[in-house]
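Counted the way this note's numbering counts, the sequence shown spans residues 337 to 531. Even glycine gets a Cβ: it sits at the ideal position worked out from N, Cα and C.
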Amino acid sequence: MREGMLPPGQRPAKGWPISHYGPVPRFREDRWSLQVFGATANRQTYSWTFAEVSALPKVTVHADLHCASGTSTTGHTFFGVPASTVLGLAPPADGVSHVMAWAEYGYSANLRLADFTAETTVMATHHDDEPLTVEHGFPLRLVVPHLFGYKGPKWLRGIEYMTQDRRGFWEERGYHNLADPWAGQRHSYQEDDDR
Ligand SMILES: Nc1nc2c(c(=O)[nH]1)N[C@H]1C(S)=C(S)[C@@H](COP(=O)(O)O)O[C@H]1N2
Ligand SMILES: [Mo]
337 MREGMLPPGQ RPAKGWPISH YGPVPRFRED RWSLQVFGAT ANRQTYSWTF AEVSALPKVT
397 VHADLHCASG TSTTGHTFFG VPASTVLGLA PPADGVSHVM AWAEYGYSAN LRLADFTAET
457 TVMATHHDDE PLTVEHGFPL RLVVPHLFGY KGPKWLRGIE YMTQDRRGFW EERGYHNLAD
517 PWAGQRHSYQ EDDDR
């Protein structure tokens, strides 16, 4: 992380604003699961309760969050399960190159496998020593500190293993497929420049 710096074109936000598309889902623990599906090695779907996810080993990750609309919030401390844990518990088939991270109400974000398994990519349950607020993604939020905010679904419910790339919710709506803020990867029309 480039401490104390913001990516080009970003300005600091006041406080920690709440931004997402659609309503805030209510958490009903008895109906909640985290599912891993798609190209698993054994073709089975894995499903864990919130208690099972909460019992997994957790790490602390320091992160700044960059919204592709141009605001950033800095100095976050997230606590949760490293996303790479999922790969150990639910082995992917040969040839898995990407994942789709799915949230409540069908929100999705596609990630290259290496971005999902990066050391700082975390399925967060806590922020600054408190459980996440529901507006910021309680009970579980994917945090991918090295990519723009839309790559980190709040209210995470599923991980789909994919053997080829497929665009997620904002990626289908004009946002960049890769979303590196330091490279200014905001809009899909810029993707030609990267080839
Ligand atoms: N489920 C869901 N997660 C989402 C979004 C969304 O619309 N739905 N928006 C993303 C975007 S564009 C950003 S910038 C961040 C904002 O997170 P915050 O509200 O905690 O600041 O959430 C991300 N996660
Ligand atoms: Mo955003």
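Problem set entry | Unbroken stretches of the alpha helix (DSSP H), 4 residues or longer, contained in the stretch 431-514 | 449-452
Exercise. Would THR461 be called buried (16 or more neighbouring beta carbons within 10 Å of its own) or exposed?
Worked result: buried
Exercise. Which residue comes first and which comes last in the beta strand (DSSP E) that contains ALA387?
Worked result: Not the beta strand (DSSP E): ALA387 falls in the alpha helix (DSSP H), residues 386-390.
Exercise. Helix, strand or coil: how does DSSP classify ALA399 here?
Worked result: Reduced to three states, the DSSP call for ALA399 is strand.
For this session: Please name the residue in VAL397, THR499, LEU423 and GLY358 whose C-alpha comes closest to that of ASP465.
Result: VAL397
Exercise. According to the neighbour-count rule (16 or more other Cβ atoms, all chains shown, within 10 Å of its Cβ), is HIS512 buried or exposed?
Worked result: buried
Exercise. Is the stretch 340-360 touching the stretch 404-413, taking contact as three or more C-beta pairs under 8 Å?
Worked result: yes
Exercise. What's the gap between the Cα of TRP491 and the Cα of TRP506?
Worked result: Their Cα atoms are separated by approximately 16 Å.
For this session: Whole angstroms is fine: what's the gap from ALA404's alpha carbon to PHE452's?
Result: 19 Å
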